[in-house]
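A quick write-up on the structure given underneath.
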Amino acid sequence: MPSWAVRASTVNEEKFVRCPPAISGTKPVGEIIPDWLSDGSIGNATNERRAHKSPEQALILKRKKERRRRRLSLLDRNTSTTNPIDLVAAGTFTMKFMKVGRVAIITRGRYAGKKVVIVQPNDTGSKAHPFAYAVVAGIERYPLKVTRRMGKKTVEKRSRIKPFIKVVNYNHLMPTRYTLELEGLKGSVTNDTFKEVSQREDAKKTVKKALEDRYTSGKNRWFFTPLRF
222 MPSWAVRAST
232 VNEEKFVRCP
242 PAISGTKPVG
252 EIIPDWLSDG
262 SIGNATNERR
272 AHKSPEQALI
282 LKRKKERRRR
292 RLSLLDRNTS
302 TTNPIDLVAA
312 GTFTMKFMKV
322 GRVAIITRGR
332 YAGKKVVIVQ
342 PNDTGSKAHP
352 FAYAVVAGIE
362 RYPLKVTRRM
372 GKKTVEKRSR
382 IKPFIKVVNY
392 NHLMPTRYTL
402 ELEGLKGSVT
412 NDTFKEVSQR
422 EDAKKTVKKA
432 LEDRYTSGKN
442 RWFFTPLRF
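Written out as structure tokens, the structure is:
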């Protein structure tokens with residue numbers, strides 16, 4: 222290695238810092254040599270660079286601390302703000318598009334990819350579910366394809382629907398622009414439905430009848446086809 226090259230070890234790679242040779246027995250020009258090489262502390266260069274923060278990094282850290290302070294104050298209900306990000310973090314932001322009859326798609330869990338209709342939204346949460354959620358009703362097993370050549374009993378058998386009801390977090394719902402009006406589901410599926418197994422089964426039967434009537438009448442055919450992905 223030439224005498225004018227100085228090896229500087231870093232975390233990821235090895236760099237060579239070129240310094241001019243000594244002129245007339247003097248040392249290299251000090252302006253070209255980095256400050257962290259002037260005192261010979263090559264090994265601590267990485268730690269020094271990590272400890273040093275630029276003004277931009279300091280400003281970002283300050284803003285993060287300020288957002289955290291606002292969120293904590295919102296949880297204490299001592300201040301108020303109109304920032305949606307802070308309101309969602311504090312659990313006070315109202316999802317106005319999560320309404321009764323809104324069609325959504327579950328994005329997580331056992332029923333991921335299934336189409337559901339919101340029966341009862343809850344933006345503030347409850348003691349049992351301390352988060353924004355919605356009681357939804359969907360189709361676990363979709364009706365099968367029917368043709369003209371099939372008999373009446375075959376068509377009835379292939380037109381059966383297996384529904385499900387579930388409490389889903391807003392974070393696991395992807396709302397769509399479509400709505401589905403089901404008059405028979407109003408009041409039949411609530412939070413109290415999940416307390417006992419018998420109530421849940423009765424609610425499923427009500428949902429099954431309402432969806433099958435909707436399917437046989439030929440309305441909202443797009444809701445009764447599985448999502449291909």
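Just so you know, the numbering used here puts the end of the sequence shown at 450, numbered straight through with nothing missing. Virtual Cβ for every residue (Gly too), placed ideally from N, Cα, C.
Pull up the CB-CB distance for residue i and residue j, whole angstroms please, since I reckon it's below 8 Å.
i: Thr400; j: Gly322; result: 5 Å
i: Pro384; j: Lys429; result: 5 Å
Figure out for me which residue from the options has the closest Cα to the Cα of residue i.
i: Ala325; options: Tyr391, Lys283 and Arg370; result: Tyr391
i: Gly359; options: Arg289, His350, Ala333 and Ser380; result: Ala333
i: Glu339; options: Lys348, Phe318 and Asp434; result: Note that residue 339 is Ile in the sequence shown here, rather than Glu. The shortest C-alpha separation from Ile339 is found at Phe318.
i: Asp434; options: Leu448, Leu406 and Phe450; result: Leu406
i: Lys320; options: Arg398, Ala431, Lys374 and Leu432; result: Arg398
i: Gly346; options: Thr368, Asn412 and Thr375; result: Asn412
i: Leu432; options: Pro276, Arg362 and Leu282; result: Arg362
Below 8 Å CB to CB, which residues in the same chain sit around residue i once its five sequence neighbours on both sides are set aside?
i: Ala424; result: Ile386, Ser409, Val410 and Thr414
i: Pro364; result: Arg379, Ser380, Arg381, Ile382, Tyr436 and Phe445
i: Lys366; result: Arg379
i: Ser275; result: none
i: Thr375; result: Val367
i: Thr247; result: Confidence in Thr247 is poor, its pLDDT being 47 and thus under 50, which makes the residue's placement unreliable; the coordinate value appears in the next sentence. Nothing listed; no residue qualifies.
Return the chain-ordered list of same chain residues with a C-beta closer than 7 Å to the C-beta of residue i, the five sequence neighbours on each side being excluded.
i: Lys336; result: Val324, Ile326, Gly359, Ile360, Phe444 and Leu448
i: Glu402; result: Gly322
i: His350; result: Val388
i: Asp256; result: Below a pLDDT of 50, predicted positions are generally treated as unreliable, and Asp256, at 49, falls in that range; the measurement from the model is reported next regardless. Contacts found: none.
i: Arg370; result: none
i: Ile306; result: A caution first: Ile306 carries a pLDDT of 49, below 50, which makes its placement in the model unreliable, though a value can still be read off. So no residue of the chain qualifies.
i: Leu293; result: none
Residues in the same chain with beta-carbon distance under 6 Å from residue i, minus the five sequence neighbours each way, listed in chain order, please.
i: Gly251; result: A caution first: Gly251 carries a pLDDT of 44, below 50, which makes its placement in the model too unreliable to give a value.
i: Leu282; result: none
Q) Are the segment 412 to 420 and the segment 438 to 448 touching, with three or more C-beta to C-beta distances below 8 Å? A) no
Q.
So, does the segment 376 to 395 touch the segment 349 to 359, judging by three or more C-beta pairs under 8 Å?
A. yes
Q) Taking only runs of the alpha helix (DSSP H) that begin and end inside the segment 333 to 372, which ones reach a length of at least 4 residues, in chain order? A) none
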